[in-house]
Every structure is written in C-alpha cells, then in structure tokens.
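Novice: One structure coming up, written as structure tokens, with questions to follow.
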Amino acid sequence: MQRVYYKQNRIKQLRAFCYAAQSRSMSRAAQQMFLSQPSISLLVQSLEKELGSRLFERHGPRIALTNEGRNLLELALPLVEGFESLPEAFRERCNNLVTGNLNIAAGESTTLYLLPGFVNRFSQLYPHIPVTLHNASGVDGLALLRSGTADFAVGPILQIPEDILFTPLFSYEPVLITPLGHPLADRERVTLRDILPYPLIMPPRQMSTRGVIDIVFQQHNLDYTLKMEAGGWEVIKRYVEMGLGISIVTSICLTGGEKLARISLRTYFPGRSYGLIQRRGKVNSPAARKFIELMGPDRVTEAGAAGPRGRAPGRPRRDLAARPRTSL
DNA sequence: CAGGGATACGACTACCTGCG
DNA sequence: CGCAGGTAGTCGTATCCCTG
9 MQRVYYKQNR IKQLRAFCYA AQSRSMSRAA QQMFLSQPSI SLLVQSLEKE LGSRLFERHG
69 PRIALTNEGR NLLELALPLV EGFESLPEAF RERCNNLVTG NLNIAAGEST TLYLLPGFVN
129 RFSQLYPHIP VTLHNASGVD GLALLRSGTA DFAVGPILQI PEDILFTPLF SYEPVLITPL
189 GHPLADRERV TLRDILPYPL IMPPRQMSTR GVIDIVFQQH NLDYTLKMEA GGWEVIKRYV
249 EMGLGISIVT SICLTGGEKL ARISLRTYFP GRSYGLIQRR GKVNSPAARK FIELMGPDRV
309 TEAGAAGPRG RAPGRPRRDL AARPRTSL
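Sequential numbering from 9 applies to the first sequence in the working numbering.
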C-alpha cells in the first residue's frame, strides 16, 4: 500500500506548491525550501491527493498550473506569505516597531521625481530599514513583483494584468516647455499648429511618450519639426533651457526649479496616472504597509481591498479618476 | 541528448506502547 | 519512571522516464 506523506503539514505542502507555481519548477522550489527535488514532488503530490485535484500539468521537464492550481494559488499565496511574515508582524505588534527591509520597483522618472520625498520621509521615520529601489518598469517591474523580489511597484501602467492591482495616486499632465523669453512662453494656451514653426527636442522613438506625441500630431494631419532626440527628461529640459528647441514632456519631470515656461497641452494629449502596483492578494510586509501609508494614508488596506482616495499636500496632483486608467 | 519530474528505497528521527 | 522495540513520517540518493 502506498504511504501517505506529509500528514498534518499543510503549510509545508502549500509552501512547496506556491514556490513551484511561482518559479514554474519543482527543482527551484526545492532550492528555496532547502529540500531535495523529490521531496517537493512528494509534497505537491500529497496535496493533489488530499484535494483530489491535479494542480500541475506535467510535460516532461515542464510544469504548468492547471485551472484548479491557479485557484489554489490565489487562496494559498496570502496564507504562505502571511505565515512567513509572521515574525515581523509579531515584532511589530509587540514592540510597535517596523522591521525588515523594503524593495520597490520603479522606472527612472518615478524614482527620480516621485519617490524621493516619500523615501526621504520613510528613512527618517524608519532609519533602520534598508530601502532598495529596483530600476525596473513595465514587464521587468511586474516580473520583480511576481517573483516577490519587490514588495510593490510604483509608476504608470499600460495594461493591467489579471493578477495585478493598480491604484492610481497621482496624475500628471502633458506640458509644452519652452525657454524663457520664447515667443510661446507667455501664452496661456497654444494649439498644435502654434507649435509647428518651432523645432522640437524629443525623447527617442521607442519611448511611449514619443509614440503618443507622434500619434496625436498624425491624427491632426500635422508634421512637427524634429530638432534633436535626447534620452531622459533632465537632458531634454537642459537643452530647452539652452534655447536649442522646445519640447513636450509629462509634468512629473518639472520640479519648479527649471528656467522654463510651461504651457498645458491637456486639450491634445492624455494625462498620465502614476500609482501603486501590487500583486493581487499579496500580504504586505509591515515596512511595505508603512510606505504605502505615507504615499496615501487611506491605502493601508491589503491589495485587493483599496479604500477610498484622499488628497495629499505637495506638488503631485492626487488622481481624481475613480477607475484605474490605462495610461499611454 | 539534456533537463527536470517521478519513483523506489533506505536512513534517520520522533513518537507510541509495553514491560520491568 | 525509564528503556527497548515498533511504527510512521520525512527526506535524501540513485535511478528511471518523459519531453523538447
């Protein structure tokens, strides 16, 4: 008769299952749990046997979650993460102290313009907690989130996958920037046609912002003059300040210290929402919860149960949109 | 053929039970 | 109560087997 393994060791079964599901490999799950591959295989099999469901489809060396497996992962992941963060949560409750470390995934503009104030405040409040900013946006940022390397991500998001929760926090508007004294500098409003006589300094073509600008001009059957391409908002602002051209940027990069005139182009270009990007159902570490609290005091709830929006002081405008907007 | 999951089997350990 | 033997659970190694 076949032996029944791992009786009454549900959390171990679930850890093995979650690690295997996340890494799509029993061997890697074994490394994470400091066990051998057969042990993980047996743990998963015992779980399948007890639940009476196949959790993985096995194709030789490849494993993939079944529908039942995906359902179980949604249920099990918060339990496993909650179990693993128990010591930190316990210390926090006993001593009212936040411990651990904080990993945030964010793109360059978010790291440069949006996060510094929050990171500074966090470091003052919790100087003993090391903060790591992972320079990763888009799919790279999501990968860090899914692997658990990042506690959460901050930034805009183009399409929101099913397993991801996006909470918009700040919105930024498209802005025309010109050197001081430029013929357009004193205008309250400008049309796309007004821009045409002046050459533009633009981000490279692969940047999403550039794509949007090109599309909008095309939609109006207009052709702008390209003066130069430059990577990075700081570089573009510098060259506009020098009088080499004008540019269209997202207001996130304007800190107020620039010697530039700025005119809103909201009429023509979409705004951009920056917000909190979390994995659905993830239990945040105490440190992550505290940072999210700083970004929006009413957002301390776990992913999947975000509360109502508030308004915070400071330069970035709180996003007033009720629904997550797919930004461009 | 290589990589990786599945299986067989044995070692180790904890716990239970019976006996002195 | 303490010890010895039995039993069950866990995990490792070796090896098989399947798929790309």
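Even for Gly, the Cβ is constructed at its ideal location relative to N, Cα and C.
Would you report the Cα separation of Leu208 and Val52, rounded to the nearest angstrom?
Specialist: Each residue's Cα considered, the two are about 59 Å apart.
Novice: For Val147, does the count of other Cβ atoms within 10 angstroms reach 16, so buried, or fall short, so exposed?
Specialist: Looking at its Cβ environment, which holds fewer than 16 other Cβ atoms inside 10 Å, Val147 is exposed.
Novice: Judging by CA-CA distance, which residue of Leu268, Gly115, Asn111 and Ser145 is the nearest neighbour of Phe130?
Specialist: Looking at the Cα atoms, Asn111 is the closest of the given residues.
Novice: Does the Cβ-Cβ distance between Gln21 and Ser54 come in under 8 Å?
Specialist: The answer is yes: Cβ separation under 8 Å.
Novice: In whole angstroms, give me the CA-to-CA distance for Phe98 and Ser293.
Specialist: Those two C-alpha atoms are separated by around 11 Å.
Novice: In terms of residue numbering, what span does the beta strand (DSSP E) encompassing Phe126 cover?
Specialist: Careful: Phe126 lies outside any beta strand (DSSP E), inside the alpha helix (DSSP H) at Leu123 to Leu133.
Novice: Let me check understanding here. Comparing Cα to Cα, which of Tyr232, Ile165 and Met34 lies closest to Gly115?
Specialist: When only C-alpha atoms are compared, the closest one is Ile165.
Novice: Are Val183 and Ser93 close, meaning C-beta to C-beta below 8 Å?
Specialist: Result no, Cβ atoms of Val183 and Ser93 do not sit closer than 8 Å.
Novice: Is the beta carbon of Glu181 closer than 8 Å to that of Ser259?
Specialist: Yes. Within cutoff.
Novice: Look at Ile48 and Ala295 and say whether their C-beta atoms are less than 8 Å apart.
Specialist: In this structure, Ala295 does not lie closer than 8 Å to Ile48 by Cβ.
Novice: Going by Cα to Cα distance, which pick from Val257, Glu96 and Pro211 is closest to Thr107?
Specialist: When only C-alpha atoms are compared, the closest one is Glu96.
Novice: Report the three-state DSSP secondary structure of Phe178 (helix, strand or coil).
Specialist: In this structure, Phe178 counts as strand in the three-state DSSP scheme.
Novice: Sort Ile203, Gly240 and Leu234 by Cα distance to Ala276 and report the nearest one.
Specialist: Note on identity: in this sequence residue 276 is Tyr, with Ala being the wrong assignment. Of the listed residues, the one whose Cα sits closest to Tyr276 is Ile203.
Novice: For Gly304, count neighbouring Cβ atoms within 10 angstroms of its own Cβ and tell me buried if that reaches 16, exposed if not.
Specialist: Per the 10 Å Cβ criterion, buried.
Novice: Buried or exposed: Asp159, going by 16 or more other Cβ atoms within 10 Å of its Cβ?
Specialist: That one is buried.
Novice: Let me know the secondary structure DSSP gives Ile165 once reduced to three states.
Specialist: Coil, per DSSP.
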